[in-house]
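First to last, the protein sequences are chains A and B. Just so we're aligned: the first sequence equals residues 0 to 456 in numbering that gives the first Met the number 0. Just so we're aligned: the second sequence equals residues 0 to 456 in numbering that gives the first Met the number 0. Since the structure comes first, as structure tokens, the remarks are kept for the end.
Protein chains: 2
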Amino acid sequence: MFDPVEKLKEFIRHPSVSTDPSFKQGMLGAQNFVSTLLGSLGFKVEVVKTDVHPIILASRGGDPSWPHVVIYGHYDVQPADPVALWKTPPFEPTVVGNRIYGRGAADNKGPLLTNITAIGLLLEENPNLPLRITFLIEGEEEMGSPSFPAFLSGYTDRLKEADFVFLSDTALPNEHQVVITSGLRGLALFDLHVTGAKGDLHSGLHGGVLLNPIQALAEICASLHTPEGRVNVPGFYDDVLNVEDWEREQLALLKPDAKSYQEFLGIDAFHVPPGFTPFEAIRFQPTLEFNGIGGGYQGEGTKTVIPSKAFVKVSCRLVANQQPDRIKALVIAAIKERAPKGVRLEFVDQHKGEPYVVVPPGRPNTPKDQSPVLARAFRATESAVTQVWGRPPLYLREGGSVPIIAEIKRATGLDSVMLGLFLPEDNLHAPNESFNLDVMKKGVETAKRIFAAVATS
Amino acid sequence: MFDPVEKLKEFIRHPSVSTDPSFKQGMLGAQNFVSTLLGSLGFKVEVVKTDVHPIILASRGGDPSWPHVVIYGHYDVQPADPVALWKTPPFEPTVVGNRIYGRGAADNKGPLLTNITAIGLLLEENPNLPLRITFLIEGEEEMGSPSFPAFLSGYTDRLKEADFVFLSDTALPNEHQVVITSGLRGLALFDLHVTGAKGDLHSGLHGGVLLNPIQALAEICASLHTPEGRVNVPGFYDDVLNVEDWEREQLALLKPDAKSYQEFLGIDAFHVPPGFTPFEAIRFQPTLEFNGIGGGYQGEGTKTVIPSKAFVKVSCRLVANQQPDRIKALVIAAIKERAPKGVRLEFVDQHKGEPYVVVPPGRPNTPKDQSPVLARAFRATESAVTQVWGRPPLYLREGGSVPIIAEIKRATGLDSVMLGLFLPEDNLHAPNESFNLDVMKKGVETAKRIFAAVATS
């Protein structure tokens with residue numbers, strides 16, 4: 000068997016930034032890395048072409064009576080900007096203590112390799128393991144998986160034969176407590192461009208007669224939240240799923256520490272919708288955030304222009320059962336209604352993803368028709384986590400998004416067992432991303448036990 | 000005598016961007032160009048070192064009984080960004096029809112060369128012209144003339160001996176109507192930086208617990224104007240000078256055309272403080288503008304971060320008798336009071352300039368102690384303009400700023416005769432700046448007559 004840490008270094012060295020076309024070689028390198036690795040473990044590898052980046056399907060067949068797991072992951076990563084803030088080069092993996100630094104170390108190269116390693120070890124120990132396995136590794140997760148719906152409609156029948164999906168692309172609250180993610184937020188993203196005069200103008204010769212597009216944009220942005228921290232868009236909260244008592248209880252067991260969370264963030268005060276703790280707000284409430292804003296002169300010194308244009312990048316995180324298209328339409332309608340006269344608006348649609356919830360077995364709201372293999376997978380995960388980590392996992396919804404999980408559910412009916420493996424301090428989507436190698440080691444052992452238990456039942 | 004158009008081409012080819020240190024060679028080239036040219040006309044040239052860019056003083060002495068004019072101009076230009084929007088290279092002068100294109104063509108290289116040419120021709124015709132002349136050509140106008148106060152305190156006594164200042168760094172409303180500028184707006188500039196979390200954060204893992212600095216910035220910016228278009232800062236308008244009846248009458252004589260102005264700007268509607276026409280607003284009212292804004296991810300596609308920082312560049316145009324320091328303090332106090340909790344503010348001071356007014360002879364509010372030579376210069380200008388352009392000039396305050404005019408007044412008591420020479424369509428501070436060569440020709444003839452009349456009286 001391979002050394003998983005060395006393999007992870009190799010994986011990180013491929014700069015697989017999916018949103019930026021200049022990283023084409025890195026994408027190809029990461030894709031070949033995954034295909035070769037799974038091929039070496041005896042999997043039949045198919046590279047499925049899509050409009051953007053290929054999806055890798057790697058399968059191990061077997062008796063139709065054997066349980067069938069789809070293991071999901073992604074080989075693409077976020078851009079590394081701002082590169083200047085990295086202490087080590089983002090695509091040159093660097094081990095310091097029990098951490099490996101590099102873009103994608105935690106999202107999702109480390110966790111994906113954890114599951115591949117577990118399967119490799121398990122098959123080495125028991126080549127006749129009664130488990131059918133399909134790896135489904137995509138290359139567009141960080142750009143919203145635009146090719147995934149088309150892929151799904153072509154492969155629905157084959158995926159429908161499986162019993163459940165397993166993945167590690169969610170978070171642990173700390174390195175002692177494992178979480179099985181029972182919900183993910185969805186996404187609705189768009190850019191707003193505001194145009195005033197037909198060109199940049201001298202602020203002396205023309206200042207005082209027209210609405211500055213930066214001012215118009217500021218007024219629009221400012222209108223989208225109440226001072227209390229709720230999103231100020233009519234209908235925005237209409238479809239938000241109620242929180243179950245057992246969900247609040249699980250979260251209470253986590254004993255989240257507000258003070259150290261605040262210190263970690265480096266903020267003077269939390270800013271949370273009324274009626275929610277910070278930890279509840281992330282899991283149970285939707286957001287509307289501004290990811291970027293720009294317009295006019297941004298260089299050193301001054302340039303006394305009234306700019307012609309300004310823009311903002313908006314993203315909403317959605318919770319079940321909000322629909323991304325409906326939310327985008329509501330926000331855009333509110334913006335159009337509120338925009339001051341004298342400027343023109345242009346909306347550029349970006350990606351979207353549906354929110355997702357799954358209820359573990361034995362809860363008041365567990366669906367009566369839940370798949371027995373899915374229920375077994377949840378029980379096996381509870382048991383393996385308790386053995387390896389010394390305490391049972393918690394079932395929690397989380398704030399991040401893996402939009403294809405809801406897509407898979409809708410297209411194939413399959414639910415997902417999401418075993419979190421990255422930590423808040425791993426700096427996902429930010430400079431100096433890293434992955435905890437102790438977590439990786441325990442993760443390998445946990446996944447081995449889960450798959451063994453699902454297989455032998 | 001030299002060909003003024005060829006000389007102007009030569010002048011434009013020196014990329015003298017004062018705010019950007021990488022244009023050092025261009026600054027030096029423009030400075031040498033001016034020094035050499037004035038030297039060739041018989042002036043005694045001094046290059047006065049300052050902390051940033053030198054000031055050129057070029058003098059022609061004479062009998063102490065002769066009138067003494069200080070001719071002001073600047074050899075520096077605005078940055079050319081966004082360079083991609085230029086149709087011709089900004090520092091390669093291009094003549095198309097009766098226009099010369101290039102950065103600085105109108106602001107201020109063309110108008111300055113107009114006055115130098117007039118003096119050259121006049122001295123060629125009459126080498127014994129009874130007029131003392133001091134050219135004062137600075138290289139920091141586009142960066143707020145930071146070295147000018149120190150220069151002034153060193154040269155106050157010398158400048159005090161002069162009778163008035165003459166310059167062409169203001170605008171004509173159209174190519175048929177000359178304006179003598181009777182007021183300039185002042186400036187108060189600063190940047191505001193807003194910081195939220197200590198680093199960029201994943202908008203899924205942390206979205207919902209903290210105030211996004213872009214949102215905080217938007218709320219601050221939105222609060223600084225009323226919906227009607229007034230600056231919403233307590234005390235902002237306290238010191239604003241009343242408009243005289245003769246000023247409104249002069250403006251009415253201009254017969255400004257709102258419809259074609261709106262078309263020129265390319266806007267759907269004017270946005271003017273209540274009680275003012277667009278043309279009055281520019282001349283008689285102060286503004287608060289946002290010249291640039293930035294924060295978070297501004298690239299292609301999406302990056303779902305909550306940024307750590309965002310900033311805005313603020314500039315106020317002031318009218319007499321607002322004090323820049325007081326206005327900055329009022330605006331900053333309002334921002335501090337209104338800023339939402341959970342973010343940190345940092346203010347970076349930029350430059351400033353006092354507003355200025357001068358009243359021509361024979362008005363109800365003309366100062367009783369106005370200098371006779373200044374009064375004569377105004378009358379001479381009225382007469383020359385009427386002869387060369389076929390209609391008398393109008394006295395109008397204008398929206399732009401030449402902060403050193405107020406500085407000179409304060410330090411030396413000298414008032415300025417400002418003969419406008421550039422046009423609204425000259426695109427000052429914007430891409431495709433140009434200067435009208437017919438205006439230049441008439442400007443040379445006008446200036447010749449003015450200086451001849453001042454001298455011979």
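A virtual CB, placed ideally from N, CA and C, is assigned to each residue, including glycine.
Setting aside the 5 residues that flank it on each side, Val69 (chain B) is surrounded in the same chain by Thr133, Leu135, Ala161 and Val164, each with a C-beta closer than 6 Å to its C-beta; the list follows chain order. Of all residues in the region 426-455 of chain A, the ones placed with a Cβ closer than 9 Å to any Cβ belonging to chain B are Asn426, Leu427, His428, Ala429, Pro430 and Asn431, in chain order. Looking from the CA of Trp388 (chain B), the closest CA among B:Met439, B:Pro354 and B:Gln322 belongs to B:Met439. Contact between the region 179-187 of chain B and the region 400-410 of chain B is present: three or more C-beta pairs spanning the two stretches fall below 8 Å. For Gln349 (chain A), the enclosing beta strand (DSSP E) covers residues Arg343 to Gly352. Rounded to the nearest whole angstrom, the C-alpha separation of Leu209 (chain A) and Val356 (chain B) is 24 Å. Between the region 8-21 of chain B and the region 74-93 of chain B, the count of C-beta pairs closer than 8 Å reaches three or more; the two stretches touch. If the five residues before and after His224 (chain A) are omitted, its C-beta is found closer than 8 Å to the C-beta atoms of Val230, Asn231 and Leu287, all from its own chain and listed in chain order. Chain B places no beta carbon closer than 9 Å to that of Glu91 (chain A), leaving this residue out of the contacts.
If you compare the alpha carbons of A:Leu7, A:Val51 and A:Pro126 with that of Leu40 (chain A), the shortest gap goes to A:Pro126. Counting only residues of its own chain and dropping the five nearest sequence neighbours on each side, Glu227 (chain B) has a CB closer than 8 Å to the CB of Pro272 and Pro273. Here Val342 (chain A) has Val193, Thr194, Gly195, Leu210, Pro212 and Ala215 as same chain residues with Cβ atoms under 7 Å from its own Cβ, once five neighbours each way along the sequence are excluded. Distance check between Gln284 (chain B) and each of B:Phe235, B:Lys302, B:Ala104 and B:Cys220 places B:Phe235 closest, using alpha-carbon atoms only. Around Ala452 (chain A), the same chain offers Ala379 as residues with beta carbons nearer than 6 Å, after the five sequence neighbours per side are excluded.
Residue ranges of uninterrupted beta strand (DSSP E) with 3 or more members, entirely inside the region 12-91 of chain B and ordered along the chain, are 43-47, 54-59 and 67-73. If you compare the alpha carbons of B:Gly25, B:Arg131, B:Pro323 and B:Ser307 with that of Ser64 (chain B), the shortest gap goes to B:Arg131.
It is roughly 14 Å from the alpha-carbon of Gly143 (chain A) to the alpha-carbon of Asp324 (chain A).
Between the C-alpha atoms of Asp2 (chain A) and Lys367 (chain A) there is a straight-line separation of about 43 Å. Against chain A, the CB of Glu299 (chain B) has a partner CB under 9 Å away; the residue lies at that interface. Here DSSP, grouped into helix, strand and coil, assigns Arg98 (chain A) to strand. Just so you know, the alpha carbons of Phe434 (chain A) and Glu299 (chain B) end up roughly 27 Å apart.
Nearest C-alpha to Lys48 (chain A) among A:Pro359, A:Ala429, A:Pro277 and A:Pro145: A:Pro145.
Close CB contacts of Ala319 (chain B) within its chain, under the 7 Å cut and outside five residues either way in sequence, are with Gly182, Leu240, Pro354, Tyr355 and Val356 (chain order). Here the alpha carbons of Tyr100 (chain B) and Leu27 (chain B) stand approximately 22 Å from one another. According to the DSSP assignment, Arg184 (chain B) belongs to no alpha helix (DSSP H), since it is labelled neither H nor E.
Interface with chain A (9 Å Cβ-Cβ cutoff): Lys8 (chain B) is excluded. Between Phe263 (chain B) and Glu424 (chain B), the C-beta spacing is below 9 Å.
The beta carbon of Ala57 (chain B) is closer than 6 Å to those of Leu37, Phe42, Val44 and Phe134 in its chain, skipping five residues each way along the sequence.
Taken atom to atom, the span from the alpha-carbon of Leu122 (chain B) to that of Asp348 (chain B) is near 45 Å.
About 7 Å separates the beta carbon of Asn290 (chain B) from that of Ser202 (chain A), a gap short enough to meet the 8 Å contact definition. In the assembly as shown, Ser21 (chain B) is an exposed residue. Its beta-carbon has fewer than 16 other beta-carbons within 10 Å.
When secondary structure is reduced to three states using DSSP, Met0 (chain B) falls in the coil class, being assigned neither helix nor strand.
Among the CB atoms of chain B, one or more fall inside 9 Å of the CB of Asp19 (chain A). In the DSSP assignment, Asn114 (chain B) falls within the alpha helix (DSSP H) that extends over Gly109 to Glu124.
Identification of chain B residues near Ile292 (chain A) by a Cβ-Cβ cut-off of 7 Å yields Ile213, Ile292, Gly293, Gly294, Gly295 and Ala309, ordered along the chain. Under the DSSP definition of a beta bridge, Phe10 (chain B) lacks any partner.
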